[in-house]
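For what it's worth, the numbering used here labels the leading residue of the sequence shown as -14, then goes sequentially. Right, one structure below, let's go through it.
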Amino acid sequence: MTAAALLEVRDVHRDFGGVHALSGVTLQVARGRITGMIGPNGSGKTTLFQVVSGIDRGATGQVFLDGEPILGLRPSQIYQRGLARTFQLSRVFPQLTVLENLMVAGHRHDRAVRERAIGLLEKVGLREYSAVAGSDLSYGQQRLVEFLRVLMSDPALILLDEPAAGVNPTLRNTLWDMVRHLNGQGTTFFVIEHDMGVIADLCDDVYVLSEGQVIAHGDFETVRGNDTVLAAYFGKTAAHRGTEND
Ligand SMILES: Nc1ncnc2c1ncn2[C@@H]1O[C@H](COP(=O)(O)OP(=O)(O)OP(=O)(O)O)[C@@H](O)[C@H]1O
Ligand SMILES: [Mg+2]
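Here is the structure:
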């Protein structure tokens, strides 16, 4: 593998009965970059995150984090090695306060953990919500809190599964600003996102998945112009492109 890859996925397969959710996926997430993953519904994006983070342990192939094989390790072991993630559906603990929702990621009685949590809440304008129950937050606020919880462990690699879906534009901007800021400080991201504007703006490198396979890879402009991608993802062919105004 190239030394620059923080995450490398090699020929990963995952079947669910007759469904080939992943059919030989090979890709690399470069260290210090923001890599995007797009693809139609059901193309295997979330499944890949489940496999890479150790939650789904039914795949074959190889996965390397910082050069070390991680396929088959438990989620907690992978987390300890510096990979953290968000989920496609929000996982804020409804009965815990916002502050507690962050502190579950560390040793609760540690003062440094508490200070880090408060610092993160302050950064996104949620400090005044510290004592509010998770269930009393708006959906967008819950997504943001979930994202902050991921940051508590200061991971080297963060996987985001459509983190801004259903989030209002203001909080969405806060989230993406935070991603940009952290990336500037060296954190590597691997992001599933349907919003092409965000992908174009944020990602150095984009993978396109379709039916469990990588069908294109490159910078956004390259990927967007790929005929297979247009057909599979945007539902149109090169011949139709001339008729579009966008
Ligand atoms: N636990 C599971 N059991 C059975 N089939 C599954 C399971 N998880 C995923 N699949 C199937 O695998 C395929 C890929 O699903 P996946 O959720 O990875 O897609 P996705 O690209 O994340 O889609 P979306 O954009 O809708 O989130 C789908 O056909 C899905 O129905
Ligand atoms: Mg998904």
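Glycine residues also receive a C-beta, built at the ideal position from the N, C-alpha and C atoms. Note that this is a predicted model, so its numbers are computed, not measured.
- Those residues that have a beta carbon less than 6 Å away from any non-hydrogen atom of ligand 1 are, in order along the chain, F1, V4, A6, G24, N26, G27, S28, G29, K30, T31, T32, Q73.
- In this structure, G9 sits away from V191, with a CB-CB distance that is not shorter than 7 Å.
- In summary, S195 is buried, with 16 or more beta-carbon neighbours lying within 10 Å of its beta-carbon over all protein chains present.
- DSSP links T20 through a beta bridge to F175, D190.
- Exclusion of the five residues before and after H5 leaves G197 as the residues of its chain whose Cβ lies within less than 6 Å of its Cβ.
- Counting the other Cβ atoms within 10 Å of the Cβ of L136 gives 16 or more, which makes it buried.
- Residue environment: E131 is assigned as buried (16 or more neighbouring CB atoms within 10 Å of its CB, all protein chains considered).
- Per the DSSP secondary-structure output, T213 pairs with nothing in a beta bridge.
- Contact check for L68 against L142 passes: the beta carbons are separated by less than 7 Å.
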